[in-house]
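Each residue of the sequence shown is one higher than the one before, counting from 128 in this note's numbering. Glycine included, C-beta positions come from ideal geometry on N, C-alpha and C. Just below is one structure, and these are the notes that go with it.
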Amino acid sequence: MYIQTSATSLLLVNECLKEGNHLAISGFDGYGSLHIFSNKKVISDDEFSLEIVGEGKPEPYQLWPESFVPKGILADMKFMKLGTGPDTFYTEEATRTVLSDVPSDLTVRINNITYLLHKYSLLPKCGLLQRLSSEKEDSTNVVLDLHDIPGGDEAFELCAKFCYGISINLSAHNFVSAFCAAKFLRMTEAVENGNLIMKLEAFFSSCILEGWKDSVVTLQNTQRVYDWSENLGIVRRCIESIVDKILTPPAKVRWSYTYTRPGYEKKRHQSVPKDWWTEDISFLDIDMFRCIVTAVKSTSVLQPQLIGEALHVYACRWLLDMTESRPNESSSSQVDDSPHRKRRILETIVSLIPADKGSVSIKFLLRLLSIANFVGVSPVTKAELLRLSSSQLEEATLDDLLLPTRSPNDQTSHDTDLVKTVLESFLRQWRRQTSASESQSLLRSIHKIGKLVDSYLLVVAKDANLPVHKFASLIETLPGIARPEHNDLYKAINTYLKEHPDLSKSDKKQICRFLDCQKLSPEVRAHAVKNERLPLRTVVQVLFYEQEKKGNTDTNKTHATPEQQADMQETSAIRDELSKLKLSAGEQASKGKGNRSSEPGTSGVHHNLRKSDDKQQLRQEQSFKIRAATERETEKGTEIREDDISGIHLNHHKKAQVRRVSEKTHSKSR
Numbered sequence: 128m129y130i131q132t133s134a135t136s137l138l139l140v141n142e143c144l145k146e147g148n149h150l151a152i153s154g155f156d157g158y159g160s161l162h163i164f165s166n167k168k169v170i171s172d173d174e175f176s177l178e179i180v181g182e183g184k185p186e187p188y189q190l191w192p193e194s195f196v197p198k199g200i201l202a203d204m205k206f207m208k209l210g211t212g213p214d215t216f217y218t219e220e221a222t223r224t225v226l227s228d229v230p231s232d233l234t235v236r237i238n239n240i241t242y243l244l245h246k247y248s249l250l251p252k253c254g255l256l257q258r259l260s261s262e263k264e265d266s267t268n269v270v271l272d273l274h275d276i277p278g279g280d281e282a283f284e285l286c287a288k289f290c291y292g293i294s295i296n297l298s299a300h301n302f303v304s305a306f307c308a309a310k311f312l313r314m315t316e317a318v319e320n321g322n323l324i325m326k327l328e329a330f331f332s333s334c335i336l337e338g339w340k341d342s343v344v345t346l347q348n349t350q351r352v353y354d355w356s357e358n359l360g361i362v363r364r365c366i367e368s369i370v371d372k373i374l375t376p377p378a379k380v381r382w383s384y385t386y387t388r389p390g391y392e393k394k395r396h397q398s399v400p401k402d403w404w405t406e407d408i409s410f411l412d413i414d415m416f417r418c419i420v421t422a423v424k425s426t427s428v429l430q431p432q433l434i435g436e437a438l439h440v441y442a443c444r445w446l447l448d449m450t451e452s453r454p455n456e457s458s459s460s461q462v463d464d465s466p467h468r469k470r471r472i473l474e475t476i477v478s479l480i481p482a483d484k485g486s487v488s489i490k491f492l493l494r495l496l497s498i499a500n501f502v503g504v505s506p507v508t509k510a511e512l513l514r515l516s517s518s519q520l521e522e523a524t525l526d527d528l529l530l531p532t533r534s535p536n537d538q539t540s541h542d543t544d545l546v547k548t549v550l551e552s553f554l555r556q557w558r559r560q561t562s563a564s565e566s567q568s569l570l571r572s573i574h575k576i577g578k579l580v581d582s583y584l585l586v587v588a589k590d591a592n593l594p595v596h597k598f599a600s601l602i603e604t605l606p607g608i609a610r611p612e613h614n615d616l617y618k619a620i621n622t623y624l625k626e627h628p629d630l631s632k633s634d635k636k637q638i639c640r641f642l643d644c645q646k647l648s649p650e651v652r653a654h655a656v657k658n659e660r661l662p663l664r665t666v667v668q669v670l671f672y673e674q675e676k677k678g679n680t681d682t683n684k685t686h687a688t689p690e691q692q693a694d695m696q697e698t699s700a701i702r703d704e705l706s707k708l709k710l711s712a713g714e715q716a717s718k719g720k721g722n723r724s725s726e727p728g729t730s731g732v733h734h735n736l737r738k739s740d741d742k743q744q745l746r747q748e749q750s751f752k753i754r755a756a757t758e759r760e761t762e763k764g765t766e767i768r769e770d771d772i773s774g775i776h777l778n779h780h781k782k783a784q785v786r787r788v789s790e791k792t793h794s795k796s797r
């Protein structure tokens with residue numbers, strides 16, 4: 128006679144030897160198979176999960192050592208088979224009974240299920256049923272209500288089948304409910320030797336707690352009967368087993384685990400990854416997960432980045448893909464998917480983030496902050512997320528900032544409000560550091576943020592639904608020192624003007640007022656002079672700066688040639704003339720409607736304009752465009768496509784002067 132056992136531990140075999148079963152262990156073969164033989168004709172199934180297989184030479188039952196178990200195969204999940212009898216339970220409507228020639232004399236009601244059973248099978252093994260039956264006046268047909276049994280009717284049926292000797296399979300999936308139900312029914316050794324509780328305790332200690340996935344699955348199933356599981360010590364012992372395995376050096380990991388990261392298939396034969404444990408515990412309830420992470424953190428054995436990775440994996444499963452349906456990997460993942468639960472998960476994750484900077488990525492923090500605004504979290508949690516995000520903003524890339532808008536009332540593509548809030552928090556921290564000490568690192572820090580924000584502005588400028596006040600507010604948030612040059616800002620503003628052609632003149636002025644002509648490169652200034660999307664005031668400012676730069680009015684005057692001096696004098700005169708122009712929208716409109724008011728030194732111009740009413744009306748309605756003559760394309764500059772803008776009404780004499788200045792300026796620069 129030979130037998131097989133589902134346990135890799137030899138503890139069960141040793142117990143069988145003590146009971147008088149003369150077993151011969153032929154040993155492990157080259158593949159890790161354990162061969163067990165017996166000299167007895169019959170081996171009772173009561174001997175600790177030992178199952179009769181057959182007579183003669185056995186086909187070896189392979190008990191793979193966990194180091195040999197292929198990933199993803201459930202061979203590493205332990206099971207225990209008790210009993211040998213066939214399943215004789217059957218259902219008639221809401222009644223479960225046993226196929227037997229003996230009439231039922233024990234009725235057990237559990238919720239909506241009624242069991243018609245026999246006292247001779249259940250009472251010898253169940254202390255509770257013995258006591259309840261003895262209290263009944265009618266001893267011939269006892270009716271018992273067990274509505275509060277942990278695990279419900281399924282757990283009770285497992286215990287009942289054990290009493291009838293029917294074959295049952297126990298594993299990490301049903302162990303908790305069976306153990307709690309057996310405790311409830313008092314199936315102890317004091318009632319009968321070899322009772323169910325003792326077998327379950329042996330299976331729990333030698334098999335479940337020795338396995339990685341067994342411990343995780345068992346802990347996961349304690350949620351159904353949590354109070355019982357906690358009181359019986361199942362929760363504590365599972366957590367201790369899981370934490371102990373997490374702290375095991377990767378080189379000593381011999382059990383299988385779930386690891387589905389992209390690219391890992393190619394590295395399967397390499398060393399065990401340090402975060403091998405993160406995916407399996409992400410299936411747990413948030414309270415169980417918190418207990419495990421807290422226990423691991425308290426040991427200070429693992430790096431903070433590994434704790435952060437565990438938080439990231441858990442958040443990815445339960446939070447970060449809120450708009451997508453999660454894969455049906457676990458029934459528990461589909462339960463209680465409410466905003467309140469998500470809020471509790473988010474607040475717990477934030478509370479578990481290690482204090483070490485860089486333990487989690489800035490992208491992860493920004494995504495959590497985005498979700499926090501959507502589901503609503505406590506002010507303390509939001510403030511902590513904002514502090515962590517702003518402290519790591521320097522590490523962010525453009526892709527990290529491109530967070531979608533979650534508000535159904537916001538038609539924009541990107542959440543610019545969140546970016547602005549984080550940016551303001553960063554600047555507050557930066558200013559406090561600057562007031563305490565000045566260093567090149569702080570300057571490099573603010574310059575890096577300025578470059579990042581301008582890149583972000585260039586992307587969001589293409590959003591046709593982004594209002595001008597949000598765009599302008601985001602530009603204005605950065606201090607001037609953050610932008611040593613304005614080329615990127617100019618590109619962002621030009622893109623916004625291009626994507627929003629219907630902007631009013633006041634809106635254009637609102638966003639263009641942030642441009643500093645002195646911080647534009649020559650190529651960008653050359654483009655700005657010809658850019659018909661820009662308001663006239665901005666173009667004039669660029670011309671002013673060009674003349675200041677080329678003229679060197681005070682410093683180089685004595686060394687200038689006669690021709691240069693003449694140019695400078697003409698430039699000065701034109702500058703004086705341009706400075707007298709009133710370029711506000713209201714005054715331009717009034718100039719279009721009525722006669723232009725005379726200015727000192729412009730009597731010759733007005734004399735030329737005093738002609739017939741028809742000619743004067745025609746000249747007033749003509750559109751003047753103050754733009755420089757077409758320049759050659761520079762090697763560095765690239766041409767940006769331009770759209771037409773409405774002309775600005777100036778008198779013909781002043782327009783000619785500005786055009787002449789622009790042409791001379793850019794002919795010299797060439």
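Using 8 Å as the Cβ pair cut-off and three pairs as the minimum, do the stretch 286-293 and the stretch 335-351 touch? no
How far does the alpha helix (DSSP H) with L75 in it reach, from first residue to last? Nothing in the structure corresponds to residue 75, since the chain is present only between 128 and 797.
Rounded to whole angstroms, what is the Cα-Cα separation between Q347 and L512? 29 Å
Contact between the stretch 314-322 and the stretch 380-392 (3+ Cβ pairs under 8 Å): no
Same chain only: Cβ atoms within 8 Å of C253, ignoring 5 sequence neighbours per side: C286, C290, L312, R313, M314, V318
Rounded straight-line distance, which links the Cα of A221 to that of L495: 48 Å
Can you tell me the Cα-Cα spacing of C445 and I324, whole angstroms? In the sequence as displayed, the identity of residue 445 is Trp instead of Cys. The alpha-carbon atoms of W445 and I324 are separated by roughly 36 Å.
E316 - DSSP class collapsed to helix/strand/coil: coil
In whole angstroms, what separates the C-alpha of T241 from that of V235? 6 Å
Between the C-alpha atoms of S248 and K208, what's the straight-line distance to the nearest angstrom? 19 Å
Going by DSSP, name the residue or residues bridged to E357. In DSSP, E357 forms no bridge with anything.
Coarse secondary structure for G212, derived from DSSP in three states: strand
Under a three-way DSSP split, which group does I293 fall into? strand
Quick one: grab the DSSP three-state call for L411. coil
Candidates D214, I638, Q668, T224: which alpha carbon is nearest R652's? Q668
Secondary structure at D527, three-state DSSP: helix, strand or coil? helix
Should R223 go down as buried or exposed, given a rule of 16 or more other Cβ atoms within 10 Å for buried? buried
Cβ contact (3+ pairs, closer than 8 Å) linking the stretch 396-410 and the stretch 431-438: yes
Would you give the residue range spanned by the alpha helix (DSSP H) that I498 belongs to? 489-502
Beta-carbon proximity of R533 to S497, cut-off 8 Å: yes
Less than 8 Å between the CB atoms is what I'm expecting for L359 and K310, so what's the real figure, rounded? 6 Å
Let me know the secondary structure DSSP gives H823 once reduced to three states. Coverage of the chain is limited to positions 128 through 797, which leaves residue 823 absent and any answer about it impossible.
Meets three-Cβ-pair contact criterion under 8 Å: the stretch 416-436 and the stretch 471-483: yes
F302 (DSSP reduced to helix, strand or coil): helix
Opening and closing residue of the beta strand (DSSP E) in which L233 lies: 233-237
Between L233 and L244, how many whole angstroms is the CB-CB distance? I'm expecting something under 8 Å. 5 Å
Between the beta-carbon of F302 and the beta-carbon of I335, is there less than 8 Å? yes
For my contact list, H541 and V587 are in at a C-beta cut-off of 8 Å; report their separation, rounded to the angstrom. 5 Å
Buried or exposed (CB count within 10 angstroms, at least 16 for buried), L250: buried
Within 10 angstroms of its Cβ, does D275 collect 16 or more other Cβ (buried), or is it exposed? exposed
Please look up how many angstroms separate the CB atoms of I602 and L579, rounded, as I've assumed it's under 8 Å. With a Cβ gap of about 14 Å, I602 and L579 do not count as contacting.
Does the Cβ of D172 have 16 or more other Cβ atoms within 10 Å, making it buried, or fewer, making it exposed? Any answer about D172 is weak, because its pLDDT of 36 lies below 50 and its placement is not dependable; what the coordinates show is given next. Answer is buried; the Cβ neighbour count reaches 16.
Could you compute how far the alpha carbon of F306 sits from the alpha carbon of L327? 7 Å
Close-in-space but distant-in-sequence residues of the same chain around A609 (CB under 8 Å, 5 per side omitted): I573, H574, I576, G577, V580
For M207, which of helix, strand or coil comes out of DSSP? strand
Using C-beta distances below 7 Å, list every residue in its chain close to L661, excluding the 5 sequence neighbours before and after it, in chain order. C639, A655
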